[in-house]
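Residue numbers (the working numbering): 19 to 427. In this text, a Cβ means the ideal position worked out from N, Cα and C, and glycines have one as well. All values reported here derive from a predicted model rather than from experimental measurement.
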Amino acid sequence: MDNKFLFRLASKNLFGHRLRTFLTVTAMIIGVGAIVFLVGFAFGIQKLVESEVTGANAYELIDIGTGNSQIIKLDKSSAEKISAISGVESVEVIVNAAGKTKDLNEQEIDLAFFGTTKNYLEWSSQNKFAGDSLSQASSLSDAGNFNPNEKSVLVNESLSEKLGVAQDKLIGSKILLDIIITKELTSDNKSQTYLDQEFTISGIIRDNGTPSAFTNLQILEDYGASGYSQAKIKTKQPQEVEVIRKQVENLGFKTQYVGETIDQVNQVFNFFKIILGSFGMIAMIVAILGMFNTLTISLLERTKEIALLKILGMRKKDIRKSFLLEAGLISSIGALAGILLGFAIGILINNILNQYATKSGGEPISMFYYPWWFVTGVFAITFLIGIFTGLYPAQRAAKINALDVLRYE
């Protein structure tokens, strides 16, 4: 029988009982919408966390440290050995000294004082300037901070707030620092302290962590720092990371790789997505039962019609196909509308939260993310579940004995 006729027949039967069809499709929309909204939220948070953990070159970078070892030292000599390893593009280091300064009320402020390189800060995502320093410095090198002939520092937002000076007035101003080079960083294992060292603040980094200041590595080396606190390796190819890590660890150093962190994050969020998806599945199960009930009632109401169609020559497979088309229409309409509903609620909530964030001085973010394969998968699975739900009513309809129906009804 003509498929167009079967499609029209299925559509007529569905939309002939509008209220029943509306309630069934609405239940399907709510179930699919809940799954898309909740799991899309989990995907969005996962993506936000990943973007915070990783940078542009994150999968090419290896972090190096000495752990708690008192024997292994990270210094210029060991950095050169690491640089010589095959597959290593470059090695950048950082010195973590201690420091003190005073605010406008002469209250002491403890801070972390780092000596490092432009590349190290960029690889650590510490390359975003705040306030007016954006207009004064488009890059770290422009800020003047990494010219070893200039005693200048970049401070983070946390330190700038504690200093109590407006950002536009802070940039270009002088700051007095007490610098403490701990014994772990010196060649003679003796700590060294330098009081009231004058620096120029050349920029403010967007970071609200521990109060910190950053200067050129060479400047801290001039103050007596011969050892390094940490190092970062940039590999030529991400595929070489594990081989390089093993060689670095053979030298006695500890290594960390962001890929391992991301794997752990993904494991947590995969479980989170299952939990959230389960809430949506509860509504979905109710919708499936409703669709099964709708198709079964439709079968009981149309017993005479099916018997007459059989007498007129409609084959069993055509009757079966007609019911499956009804199931397919319900599930496909419900899936498509449910996906759009999930998108709409996500966009609405995201916009509301971003308005509050913007008013509070924060930055707008996207809390929802819908991978194409997830959306496609939701539609396909919902459609297939609908077809599967319609199999039993379709099979019962195909087995109706036309003569018995006409005899007793």
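Neighbour-count burial assignment, ALA362, 16 or more Cβ in a 10 Å radius: Position 344 of the sequence shown, counted from the start, is the residue given in the question as residue 362. Result: exposed.
The stretch 196-213 in contact with the stretch 109-128 per 3-pair CB rule at 8 Å: yes
Unbroken stretches of the alpha helix (DSSP H), 4 residues or longer, contained in the stretch 248-320: 259-268 and 276-319, all fully within the stretch 248-320.
ARG36 burial status per 10 Å Cβ neighbour count (16 or more: buried): For the purposes of this step, residue 36 is identified with residue 18 of the sequence shown, where counting begins at 1. In this structure ARG36 is exposed. Its beta-carbon is surrounded by fewer than 16 other beta-carbon atoms within 10 angstroms.
Selection from THR400, SER205 and THR84 that minimises the alpha carbon distance to ILE47: Reading the sequence shown from its first residue, position 29 is the one you call residue 47. Nearest of THR400, SER205 and THR84 to ILE47, Cα basis: THR400.
Nearest-angstrom Cβ-Cβ length linking TYR246 and ALA97, presumed shorter than 8 Å: On the sequence shown, residue 246 is found 228 positions in, with the first residue counted as 1. On the sequence shown, residue 97 is found 79 positions in, with the first residue counted as 1. Rounded, the Cβ-Cβ distance is 7 Å, consistent with contact.
Short Cβ contact (8 Å threshold) for VAL283 with GLU124: Translated into positions along the sequence shown, residue 283 becomes position 265. Translated into positions along the sequence shown, residue 124 becomes position 106. For VAL283 and GLU124, no; Cβs fall outside 8 Å.
Pick from THR204, TRP391 and ASN268 that is closest to GLU239, judged by C-alpha positions: Taking the first residue of the sequence shown as 1, we reach residue 239 at position 221. Considering only alpha carbons, the answer is THR204.
Exposed unless 16 or more other CB atoms sit within 10 angstroms - verdict on SER151: Walking along the sequence shown from the start, residue 151 turns up at place 133. Below a pLDDT of 50, predicted positions are generally treated as unreliable, and SER151, at 39, falls in that range; the measurement from the model is reported next regardless. The residue in question, SER151, is buried, as its Cβ has 16 or more Cβ neighbours within 10 Å.
At least three beta-carbon pairs within less than 8 Å, the stretch 224-240 to the stretch 248-267: no
Beta-bridge pairing of ASN234 - partner residues as DSSP gives them: Within the sequence shown, the letter at position 216 stands for residue 234. Answer is THR134.
Every unbroken alpha helix (DSSP H) inside the stretch 41-84 [4 residues or more]: none
For THR14, three-class secondary structure by DSSP: Nothing about residue 14 can be read from this structure; the chain reaches only from 19 to 427.
Residues bridged to LEU195 [DSSP beta-bridge criterion]: Taking the sequence shown and counting its residues from 1, one reaches residue 195 at position 177. Answer is GLN215, bridged to LEU195.
Host beta strand (DSSP E) of SER108 (start-end): Counting from 1 along the sequence shown, the entry for residue 108 is found at position 90. Run containing SER108: 106-120, per the beta strand (DSSP E) assignment.
Beta-carbon contacts of ASN368 that lie in its chain and below 7 Å, excluding the five residues immediately before and after: As a first step, residue 368 must be located in the sequence shown, where it is residue number 350. Here ASN368 has SER384, MET385 and PHE386 as same chain residues with Cβ atoms under 7 Å from its own Cβ, once five neighbours each way along the sequence are excluded.
C-alpha distance - GLY277 paired with ASP128, whole-angstrom precision: Taking the first residue of the sequence shown as position 1, residue 277 is located at position 259. Taking the first residue of the sequence shown as position 1, residue 128 is located at position 110. Looking at the two C-alpha atoms, the distance is approximately 33 Å.
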